[in-house]
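Chemist: These protein sequences, in sequence, are chains A and B. So in our numbering, spot 60 of the first sequence is number 60, and the numbers just go up one at a time. So in our numbering, spot 4 of the second sequence is number 4, and the numbers just go up one at a time. Here a beta-carbon is modelled for each residue, glycine too, at the ideal position from N, C-alpha and C. Since the structure is predicted, the reported quantities are computational estimates derived from the model, not experimental observations. Here it is: the structure, laid out below.
There are 2 protein chains.
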Amino acid sequence: MLDSICSAGFSHTRSRRAVVEALCATPSGATPAKLRARGRAIHTPLGTVTVYRTLELLESLGLARRIHGEDGCTAWAPVSLAHGHHVICRGCGRAAEFEGCDLEPLLRRVSARTGFRVSEHWLELFGLCPKCIQGK
Amino acid sequence: MLDSICSAGFSHTRSRRAVVEALCATPSGATPAKLRARGRAIHTPLGTVTVYRTLELLESLGLARRIHGEDGCTAWAPVSLAHGHHVICRGCGRAAEFEGCDLEPLLRRVSARTGFRVSEHWLELFGLCPKCIQGK
DNA sequence: TTACTTGCAAAAACTTTGCAGGCGC
DNA sequence: GCGCCTGCAAAGTTTTTGCAAGTAA
Chain A
1 MLDSICSAGF SHTRSRRAVV EALCATPSGA TPAKLRARGR AIHTPLGTVT VYRTLELLES
61 LGLARRIHGE DGCTAWAPVS LAHGHHVICR GCGRAAEFEG CDLEPLLRRV SARTGFRVSE
121 HWLELFGLCP KCIQGK
Chain B
1 MLDSICSAGF SHTRSRRAVV EALCATPSGA TPAKLRARGR AIHTPLGTVT VYRTLELLES
61 LGLARRIHGE DGCTAWAPVS LAHGHHVICR GCGRAAEFEG CDLEPLLRRV SARTGFRVSE
121 HWLELFGLCP KCIQGK
């Protein structure tokens with residue numbers, strides 16, 4: 001992921017590496033505060049501000065994305081798939097990515113009904129992950 | 001909507017009416033701060049706290065819901081349909097509700113692929129509303 | 001060297017909590 | 001009158017901004 005940052009014209013720095021690694025270490029999503037805590041294992045002086053700014057940068061490059069839970073939307077997760085969505089576990093909060101959503105028929109129906117021209121969408125699923133299912 | 005609150009066992013108060021009317025006046029969604037501003041036209045001493053608490057109440061009754069935009073998720077909108085989703089205009093920020101989403105095939109596929117047992121979902125569309133399309 | 005980055009500190013914005021007084025029923 | 005409800009004030013969180021020092025290239 002750092003490579004993508006560099007080839008986009010941004011510097012390769014320890015701080016960025018720390019944030020990127022922390023993010024990739026938690027594909028299930030993590031808040032800026034947690035990312036900072038994790039990132040400090042790699043680059044100790046890592047500051048909160050840098051985490052925010054790096055996330056912003058990653059988002060603009062399409063490499064990270066917010067995860068929206070119904071309680072809030074402060075968690076971030078790395079984006080690995082071209083057009084992925086997340087499914088979030090109600091039990092432990094982990095998130096998994098999945099590919100493909102095939103919403104075309106729906107989009108056409110909504111356009112016809114509301115008059116909106118729909119260009120993007122955003123889908124998130126909630127449920128229980130395999131571990132939490134077993135645990136019950 | 002106030003009726004629903006009352007029949008659920010909560011009091012009919014001016015403050016609640018103010019929040020409910022402000023909310024219904026902005027089906028496109030509004031932040032707590034904006035709802036308070038609008039609500040003050042109805043009940044002047046309306047406080048921020050009451051707006052938050054009323055929204056919480058409405059949410060628990062299934063009458064209001066957060067709208068999650070990619071920039072944040074501080075806006076709230078009334079829920080009028082049984083199982084509605086929102087389509088949000090990138091131009092003016094308005095939201096419209098639509099019904100039905102037929103995600104069953106997708107849910108099955110995701111369950112099979114990730115092992116998650118999916119129980120809820122959450123979908124939001126983005127695009128341009130009829131007015132904004134014309135305006136361009 | 002030169003411009004981009006960083007991290008601290010402080011400010012700002014947003015949300016929640018405590019509590020005395022007010023209001024619905 | 002009783003108990004829920006409200007609004008102010010204050011505290012707690014989260015996020016953004018300003019700026020001098022640091023670092024990649």
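#1: Please classify Pro32(B) as buried or exposed, where buried requires at least 16 neighbouring CB atoms within 10 angstroms.
#2: Taking only runs of the beta strand (DSSP E) that begin and end inside the stretch 30-97 of chain B, which ones reach a length of at least 3 residues, in chain order?
#3: By the DSSP assignment, the beta strand (DSSP E) with Ser4(B) in it spans what residues?
#4: Taking any Cβ of chain A, which residues in the stretch 8-28 of chain B have a Cβ under 8 Å from it, in chain order?
#5: Grouping DSSP H, G and I as helix and E and B as strand, with all else coil, what is Ser28(B)?
#6: What is the DSSP secondary structure of Leu128(A), counted as helix, strand or coil?
#7: Note down, in chain order, every chain B residue with its Cβ under 8 Å from the Cβ of Arg36(A).
#8: Out of Ile42(A), Ala30(A), Leu63(A), point me to the one whose CA is closest to Gly72(A)'s CA.
#9: Can you find the residues in the same chain that come closer than 7 Å, C-beta to C-beta, to His68(B), ignoring five residues on each side of it along the sequence?
#10: Looking only at its own chain, which residues have a Cβ that is under 6 Å from the Cβ of Phe126(A), when we skip the five neighbours before and after it?
#11: What residues of chain A sit near Ile133(B), judged by a beta carbon separation below 7 Å?
#12: Got a sec, what are the start and stop residues for the alpha helix (DSSP H) Ser111(A) sits in?
#13: Which residues in the same chain have their Cβ closer than 6 Å to the Cβ of Ala1(A), if we skip the five residues on either side of it in sequence?
#14: Would Leu61(A) pass as a contact of Val51(A) if the rule is Cβ separation under 7 Å?
#15: List the residues of chain A that Glu50(B) touches, going by C-beta distances under 8 Å, in chain order.
#16: Use the C-beta contact count for Ser80(B): other C-beta atoms within 10 angstroms, 16 or more gives buried, fewer gives exposed.
#17: Closer than 8 Å between beta carbons: that is the criterion. Which residues of the stretch 56-69 of chain A meet it against chain B?
#18: Is Ser11(B) helix, strand or coil by DSSP?
#19: Against chain A, with Cβ distances strictly below 7 Å, would Ala33(B) count as a contact?
#20: Where does Gly39(A) land, buried or exposed, given buried means 16+ other C-beta within 10 angstroms?
#21: Using 7 Å as the threshold, is the C-beta distance between Ala95(B) and Ala77(B) below it?
#22: Below 8 Å on the Cβ atoms is my contact criterion, and I expect Leu106(B) with Asp102(A) to pass it. Report the Cβ-Cβ distance as a whole number of Å.
#23: Going along the chain, which residues of its own chain have a beta-carbon closer than 6 Å to the beta-carbon of Cys129(A), five neighbours each way excluded?
#24: Alpha carbons only, please: which of Arg14(B), Glu104(B), Leu23(B), Glu59(B) is nearest the one belonging to Ala8(B)?
Modeler: So, to answer that:
#1: Counting from 1 along the second sequence, the entry for residue 32(B) is found at position 32. Pro32(B) counts as buried, since no fewer than 16 other beta carbons sit within 10 angstroms of its beta carbon.
#2: 64-67, 75-78, 84-89
#3: Within the second sequence, residue 4(B) is the residue found at index 4, counting from 1. Premise fails: Ser4(B) lies in the alpha helix (DSSP H), 2-7, not in any beta strand (DSSP E).
#4: none
#5: In the second sequence, counting from the first residue as 1, residue 28(B) sits at position 28. Residue state, collapsed to three classes: coil.
#6: In the first sequence, the residue the question calls residue 128(A) occupies position 128. Leu128(A): strand per DSSP, three-state reduction.
#7: Position 36 of the first sequence, counted from the start, is the residue given in the question as residue 36(A). By Cβ distance, chain B contributes nothing, its closest Cβ being about 20 Å from Arg36(A), past 8 Å.
#8: Position 72 of the first sequence, counting from 1, holds the residue named residue 72(A). Nearest neighbour of Gly72(A) by Cα position, chosen from Ile42(A), Ala30(A), Leu63(A), turns out to be Ala30(A).
#9: Taking the first residue of the second sequence as position 1, residue 68(B) is located at position 68. Same-chain partners within the cutoff: Glu124.
#10: Translated into the one-based positions of the first sequence, residue 126(A) becomes position 126. Cβ within range, chain order: Ile88, Arg90.
#11: In the second sequence, counting from the first residue as 1, residue 133(B) sits at position 133. Going along chain A in sequence order, the residues near Ile133(B) (Cβ under 7 Å) are Arg117.
#12: Taking the first residue of the first sequence as position 1, residue 111(A) is located at position 111. First-last of the alpha helix (DSSP H) with Ser111(A): 104-114.
#13: Reading the first sequence from its first residue, position 1 is the one you call residue 1(A). Note on identity: in this sequence residue 1(A) is Met, with Ala being the wrong assignment. So the list reads Val20, Leu63, once near-sequence residues are dropped.
#14: Within the first sequence, the letter at position 61 stands for residue 61(A). Within the first sequence, the letter at position 51 stands for residue 51(A). In this structure, Val51(A) does not lie closer than 7 Å to Leu61(A) by Cβ.
#15: Locating residue 50(B) in the second sequence gives position 50, where the first residue counts as 1. Looking at the sequence shown, residue 50(B) is not Glu but Thr. Contact of Thr50(B) with chain A by beta-carbon distance below 8 Å is absent, the smallest such distance being about 21 Å.
#16: As a position in the second sequence, residue 80(B) is number 80, starting the count at 1. Burial call: exposed.
#17: Flagged, chain order: Arg66, His68.
#18: In the second sequence, counting from the first residue as 1, residue 11(B) sits at position 11. DSSP places Ser11(B) in coil when its eight states are reduced to three.
#19: To locate residue 33(B), count along the second sequence from 1; it is residue 33. No, no contact with chain A.
#20: Translated into the one-based positions of the first sequence, residue 39(A) becomes position 39. The residue in question, Gly39(A), is buried, as its Cβ has 16 or more Cβ neighbours within 10 Å.
#21: In the second sequence, residue 95(B) corresponds to position 95, counting from 1. In the second sequence, residue 77(B) corresponds to position 77, counting from 1. Less than 7 Å divides the Cβ of Ala95(B) from the Cβ of Ala77(B).
#22: Sequence index remark: in the second sequence, residue 106(B) carries index 106 (1-based). Sequence index remark: in the first sequence, residue 102(A) carries index 102 (1-based). Right, the Cβ-Cβ distance comes to about 6 Å (below 8 Å), so this counts as a contact.
#23: Working through the first sequence from its first residue, we reach residue 129(A) at position 129. For Cys129(A), where only same-chain residues beyond five positions count, the Cβ hits under 6 Å are Cys89, Arg94.
#24: By one-based count along the second sequence, residue 8(B) stands at place 8. Closest by alpha carbon: Glu59(B).
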